[in-house]
Structure formats: C-alpha cells, structure tokens
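Chains as they are written, first to last, in this note's numbering: chain A, 45 to 307; chain B, 67 to 260.
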C-alpha cells in the first residue's frame with residue numbers, strides 16, 4: 045500500500061512536472077530586456093495618459109509595436125521621450141501636449157441649484173440623482189471629483205465652486221475627464237489661448253433663463269472667425285485649434301462671454 | 067437522460083449554488099467582487115479551469131486512485147492536478163491566446179487556490195457522477211459561481227455610492243449583503259429534486 049501510494053503520487057508529480065517543463069519549453073516566451081529598461085525609464089505613476097494600461101503596458105507597446113511613438117508619456121515630457129526613443133530605437137518627435145480645461149463658467153453665483161443635495165460629496169454620486177442639482181443639466185456640479193482624481197494636484201476649487209486647472213501642473217493625462225459625469229472637463233492643446241467655457245447643449249432661450257454665461261448658440265463667433273475654426277454642434281460652439289490663429293475676435297464678439305481666454 | 071442533465075445543470079447553478087448555498091469559494095467572492103468587469107473576468111477563468119480540472123480529476127480518480135485502492139490520496143492528488151493544470155493553462159495561454167491571457171490576468175494563478183474548484187472535483191466523485199455528468203456539473207457549478215460573483219459585484223458597485231452607517235462600513239456591509247444574497251438563493255431550494 046505504502047509503495048503504491050508513494051509511486052503513484054510521485055509518478056503523477058513527475059508527469060505533471062515533466063509536462064510543465066516541456067510546455068514551458070515549447071511555449072517559451074522571449075521577454076525583451078528592453079521592456080524592463082523602458083519600465084525603469086518611465087515615471088511609474090500609472091496615470092494612463094499614454095492610453096495604455098499603466099506604465100508597464102506602455103513600455104511593452106513602445107518596444108513591441110513599431111507604430112507606438114515614444115513621446116506619449118505626458119508627465120515624463122521630453123526627457124523620458126528621449127530615453128524611450130533611445131531604448132526603442134525610434135525617433136522622439138515633438139508630440140502634441142495637451143492640458144485640461146473646465147468648459148463651464150456657471151459657478152454658484154450664476155447658476156442656481158434646484159434642490160439641496162445631501163449625499164456623498166462627489167460628482168458621480170450627485171449625478172445619479174436626477175442628473176445632479178444644477179439648474180443647467182450640462183454644467184459643472186462642483187463637487188470636485190476631478191480635483192480628487194488629479195494625480196498631480198493640478199486642479200483646485202475656486203471661490204464660485206468651479207474647478208480651476210493650474211496649467212503649470214497639468215500634464216494632460218485626462219484622468220479628470222474620465223470621472224466627470226457631465227463631460228465638462230476637456231483637453232485642449234497647450235498652445236490654445238481661447239476656449240468655449242460652456243458645455244450646454246440647450247437651446248439659446250433655455251440657456252438664457254438658467255445661466256448668464258452660457259453659450260446661447262447665436263453663431264456670432266462662427267461668422268467672426270476668419271479662419272473658419274469655429275463650428276457648431278448641438279447648440280454649442282467648438283474651436284478647431286488646428287485652424288485657430290489666436291486673433292481673439294470670437295471672444296470679443298461673444299455676447300454671453302462664454303468664449304474665454306485660457307487661464 | 068437529457069432532461070436529467072438539464073435539471074442537474076439548473077440545480078448546480080441555482081439550487082446548490084457553490085458560493086451562496088454551499089459556501090465554497092468565499093474568498094474570491096468577497097475579494098474580486100468590487101467591479102462587474104473583474105467579476106466577469108474571474109468567472110470566465112473559473113469556468114474554464116473548473117471544466118478542465120473536473121475532466122482530469124475524474125479520469126485520474128477512475129483510472130489511478132480506484133484501481134490501485136489509494137482513495138485516501140484523493141485530496142492531495144487533486145490539489146496537485148489543479149495546481150499544475152492552472153500553471154499549464156497559463157503557460158499555453160500566454161503563447162497561444164495572449165489576448166485571453168491579458169484579459170484573465172492575475173485571476174488565473176488566483177484560481178489555483180480556490181476551494182470551489184477542489185470542492186467541485188471532490189463532489190463529482192462523492193456523487194459518483196459519470197464522465198458527462200461531471201462535466202455538466204462542473205460547467206453548471208462554475209456558471210453559478212460567476213452568477214453569484216457578478217450579482218455581488220453589481221450590488222457592491224451601487225453600495226460604494228450609498229451612505230452606509232459607519233459601524234457597518236467596509237467588510238461588514240459586504241458580509242451582510244452576501245448573507246442576504248445567500249438567503250435569496252435559499253429560496254431556490256426545492257426547484258429541482260436532487
């Protein structure tokens with residue numbers, strides 16, 4: 045009995061060990077040492093600005109995929125782009141850096157609250173209740189989910205209950221975009237100087253009733269723009285920064301002051 | 067025969083749900099049920115591994131343990147089988163199905179120590195199921211596990227936004243939820259005569 049037990053258990057163990065050994069030979073995966081090098085070069089913040097699942101995902105992609113450029117790491121800036129370019133043997137390139145802006149100017153002084161919200165103080169929870177308690181259903185709820193989401197402490201709440209992005213600290217990772225239930229936070233190129241500080245897709249008359257600084261869809265900016273850089277979609281102006289030449293005519297023409305200078 | 071298998075399947079999914087009625091695999095049930103996505107990932111991995119391991123353990127039981135009269139080694143042999151099987155699946159999958167490997171991620175190695183898998187393999191033998199029956203039972207049981215996991219994850223996603231009284235926050239509210247869920251599943255008893 046004892047010998048049978050020992051033999052059969054040992055035999056089974058041996059079979060499994062052998063098959064595992066053979067399998068690991070057959071299905072051997074080469075791990076590129078450059079991936080580890082790239083991992084070390086990256087900041088390790090796992091912010092996801094590159095569009096991959098953390099720094100490891102980007103390190104793998106930049107080495108393996110010839111189409112992934114080495115300058116996607118937003119917080120790393122040029123230094124890391126150069127390091128990655130060296131490791132992966134690709135060209136660094138300029139890359140288009142972006143930063144976050146808050147496309148809503150309707151603070152506590154301009155837009156009313158329709159009811160008193162007494163729940164968890166973050167925007168996602170507030171938005172579950174009837175889409176939030178702001179009179180404007182597209183506007184910033186002001187409970188600071190983006191402030192909490194920012195890994196770089198680049199967003200702060202200002203006096204009128206709106207978040208404010210510090211452009212020197214913002215690395216354009218887009219974390220705040222994901223948590224905003226209203227889509228008020230948007231990314232613009234760092235070179236952008238004007239932006240539409242409104243997110244409302246309501247019709248003009250409706251906007252006027254609830255917010256003094258909302259885009260009413262008058263299209264004066266579209267007519268004023270020489271470069272045809274402004275377009276209209278769902279009663280809301282949007283600026284195409286590739287065409288914008290920073291003349292700021294749109295800002296002067298805007299009746300509701302919803303086109304603002306980037307702070 | 068056919069109708070019996072269907073009844074057995076339903077019995078394994080609902081009436082004798084692995085997590086909520088038999089209380090097996092509680093660790094992943096509480097550990098990986100914070101998000102529906104990960105719960106589904108874990109569930110899929112379990113379905114896969116349970117089905118594979120029940121096939122192998124059944125064959126080993128029938129052709130090695132019983133003929134040589136060494137049934138007392140069942141537990142240790144089954145653990146050996148499950149552990150190596152999970153490892154083997156991981157190696158093969160990394161090479162041949164990298165997308166699936168990425169999707170399952172950390173859940174595959176986690177499964178190696180999941181008692182629901184060992185429990186299912188042993189239940190197959192205890193209930194003296196034949197080969198087909200044990201496969202159906204394995205699939206049913208693991209789908210039941212996935213169902214429980216996804217239900218729990220759905221509730222917990224909601225719960226994360228609710229204001230829970232302070233003494234109940236964290237693990238205690240999860241356990242209370244699990245208890246209530248289990249109570250609900252007890253209602254299925256008598257649906258299928260086992």
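C-beta: ideal position from N, C-alpha, C; glycine also.
With respect to chain B, the C-beta atom of residue 67/A has a partner C-beta closer than 7 angstroms. With a cutoff of 7 angstroms on beta-carbon distance, residue 158/A and residue 179/A are scored as near each other. If you ignore the 5 residues before and after residue 193/A, its C-beta comes within less than 6 angstroms of the C-beta of 219, 220, 223, all in its own chain and listed in chain order.
For residue 52/A, the nearest CB of chain B lies under 7 angstroms from its own CB, placing it at the interface with that chain. Taking C-beta separations shorter than 8 angstroms and ignoring five residues to either side along the sequence, the partners of residue 185/B in its chain run 84, 88, 90, 91, following chain order. When C-beta distances to chain A are compared with 7 angstroms, the residues of the region 221–243 of chain B below that value are 227, 229, in chain order. For the pair residue 194/B and residue 163/B, the Cα-to-Cα distance works out to about 35 angstroms.
Not a single CB atom of chain A sits nearer than 7 angstroms to the CB of residue 192/B. 126, 130, 131, 134, 135, 136, 138, 139, 142, 143, 146, 147, 149, 150, 151, 153, 154: these are the residues of the region 126–156 of chain B whose beta carbon lies less than 9 angstroms from some beta carbon of chain A, given in chain order. Taking C-beta atoms under 8 angstroms as the contact rule, residue 144/A and residue 214/A qualify, at a distance of about 5 angstroms. Under the three-state reduction of DSSP, residue 157/A is assigned to strand. For residue 100/B, the CB contacts under 7 angstroms within the same chain, skipping 5 residues up- and downstream, are 219, 222 in chain order. Counting along the chain, no beta strand (DSSP E) covers residue 202/A, and no H or E run does either. What residue 160/B touches in chain A, judged by beta-carbon distance under 8 angstroms, is 71, 73, going in chain order.
Contact annotation: the region 205–219 of chain B touches the region 94–109 of chain B, with at least three C-beta pairs closer than 8 angstroms. Between the alpha carbons of residue 97/B and residue 233/B lies a gap of roughly 20 angstroms.
Partner residues in the beta bridge of residue 277/A, as assigned by DSSP, are 280/A. Using a Cβ-Cβ cut-off of 8 angstroms, residue 128/A is close to nothing in chain B; its nearest Cβ partner there is about 22 angstroms away. For residue 131/B, same chain residues with a beta-carbon under 7 angstroms away, outside a window of 5 residues either side, are 137, 139, 140, 143 in chain order. Between residue 161/B and the set 94/A, 127/A, 68/A, the nearest pair of CA atoms involves 68/A.
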